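Shown next, in structure tokens, is the structure this report addresses.
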Amino acid sequence: MQNSPIGIFDSGVGGLSVLRAIRTQLPNESLLYFADQAHVPYGPRSLEEVRSFSETITEYLLAQGAKLIVVACNTASAAALHDLRKSFPNTPFVGMEPAVKPAAEQTHSGVVGVLATPATFQGALYASVVERFASGVTVLQNTCSGLVKEIERGAVDGEKAKQILESALRPMLGRGLDTVVLGCTHYPFAIPQIEAICGDSVRVIDPAPAVARQVERRLDALSLLNPEPNGNVQLVTSGNITQMKKLAPQLCAHEYPVRGVRWENGKVK
Ligand code: DGL
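Numbering (my numbering), first residue to last: 79 to 347.
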């Protein structure tokens, strides 16, 4: 069990920003990463639909022997984490929640911006973190519509991505923004572009390192940390294998093996 993999999933390559941080934090661990690129983007979909994908992917990862599941997707965490914990009571889960708490603690101007998908903003999880942690702070929101698609096609440094970020961030800067929360796991790949627009005085919060530390704490508490230095990484996609083989090394600075799966009658084969 200790040398079983950690299962990680996202709608696409976004969760690789979390995988990267887990790899750094826990190099002994084997990681099995599922990119549901047949269905990316999740953001504009209904919470029910994302919940159903998340349940099936969790079943798949558990069938492959995963000892803990990281929902490396804010949208899937918002839509499904609560139900996943109920449906799989013996499985430890670590999910994402928009890092509004550290942002509210760190802001000097009292204005923070959250970039996340429409489904994440609709979920109860987001409303609850804002209510619990952001009193007295102005929280601005933007979905950066189309940015996930640009990142998925390897065009994060292209003109379209730049325009999307400019139109999200310029109005926020005009209102005194000094802290940006990346509430979608795809968006850390756009940090250089975000910093180019916002300048040095704005802090950008990527939650991935904190999530990786949480994974370590959970595994440690369950005595499930791998003592052997034999961790490996396997990527699985329900979408285009060739595209994943091209994009993942650019995002992770590592070449990992990629395997294809397909959805058939609501199941992953
Ligand atoms: N990376 C995901 C998130 O954290 C999903 C983006 C999408 O598929 O729309 O929300």
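For each residue, glycine too, the CB sits at the ideal point set by N, CA and C. Just so we're clear, the structure is a prediction, and the values are computed from it rather than from any experiment.
Task: Element boundaries [beta strand (DSSP E), containing Ala113] - done: Here the beta strand (DSSP E) through Ala113 covers 109-113.
Task: Cross-strand partners of Ile356 (DSSP beta bridge) - done: Shown here, the chain extends from 79 to 347; a query on residue 356 therefore has no answer.
Open item on the list: Need the endpoints of the alpha helix (DSSP H) that Phe131 sits in, please.
Closed with: 125-141
Task: Identity of the residue in Pro266, Val336, Lys347, Arg296 nearest Tyr111 by Cα - done: Val336
Task: Pick from Ala150, Lys324, Val339 that is closest to His332, judged by C-alpha positions - done: Lys324
Task: Residue from Ala202, Val207, Thr221, His264 whose Cα sits closest to the Cα of Gly232 - done: When only C-alpha atoms are compared, the closest one is His264.
- [ ] Determine the contact status of Ala181 and Val259, defining contact as a CB-CB distance below 8 Å.
- [x] Contact: yes.
TODO: Would you identify the three-state DSSP class for Gly92, choosing helix, strand or coil?
DONE: coil
- [ ] State whether the stretch 190-205 contacts the stretch 313-329, with contact taken as three or more CB pairs (one from each stretch) at a distance under 8 Å.
- [x] no
TODO: May I have a chain-ordered list of the alpha helix (DSSP H) segments no shorter than 4 residues that lie completely inside the stretch 276-321?
DONE: 286-299
- [ ] Give the DSSP-derived three-state secondary structure of Gln219 in the structure shown.
- [x] strand
Open item on the list: Just to confirm the assignment, what range does the alpha helix (DSSP H) spanning Val178 have?
Closed with: Here the alpha helix (DSSP H) through Val178 covers 178-184.
Task: DSSP state of Thr263 mapped onto helix, strand, coil - done: coil
Task: Residues near Thr134 in its chain [Cβ-Cβ closer than 7 Å; skip 5 each side] - done: Gly344, Lys345, Val346
Task: Per DSSP, cross-strand counterpart(s) of Phe171 - done: Ile147
Open item on the list: Let me make sure I understand the geometry here. Which of Pro307, Val282, Ala239 has the alpha-carbon closest to that of Leu109?
Closed with: Pro307
Open item on the list: Which of the three DSSP states is assigned to Arg337 in this structure?
Closed with: strand
Open item on the list: Assuming contact is defined by CB atoms lying nearer than 8 Å, are Val293 and Val172 in contact in what I supplied?
Closed with: A contact, by the Cβ cut-off of 8 Å.
- [ ] Give the DSSP bridge partners of Leu193, in chain order.
- [x] Bridge pairing for Leu193: Asn220, Leu260 [DSSP].
TODO: Classify Gly252 as helix, strand or coil using the three-state DSSP reduction.
DONE: helix
Open item on the list: Can you confirm whether the stretch 249-259 touches the stretch 207-225 when touching is taken to mean that 3 or more C-beta pairs between the two stretches lie within less than 8 Å?
Closed with: yes
Task: Closest by C-alpha distance to Lys145, when choosing among Pro167, Leu125, Asn152 - done: Pro167
Task: Beta carbon of Leu227 nearer than 8 Å to that of Pro119 - done: Strictly speaking, residue 227 in this sequence is Lys, with Leu absent from that position. Yes; because the gap between Cβ atoms is below 8 Å, this pair is in contact.
Open item on the list: Is the separation between the beta-carbon of Ala157 and that of Val128 shorter than 8 Å?
Closed with: Between Ala157 and Val128, the CB-CB gap stays under 8 Å.
TODO: Assign Thr136 to buried or exposed, taking buried as 16 or more other Cβ atoms, counted over all protein chains shown, within 10 Å of its Cβ.
DONE: buried
Open item on the list: Helix, strand or coil for Phe211? Go by DSSP, reduced to three states.
Closed with: helix
- [ ] Given a cut-off of 8 Å, decide if Asp284 and Ser95 are closer than it, judged by their beta-carbon atoms.
- [x] yes
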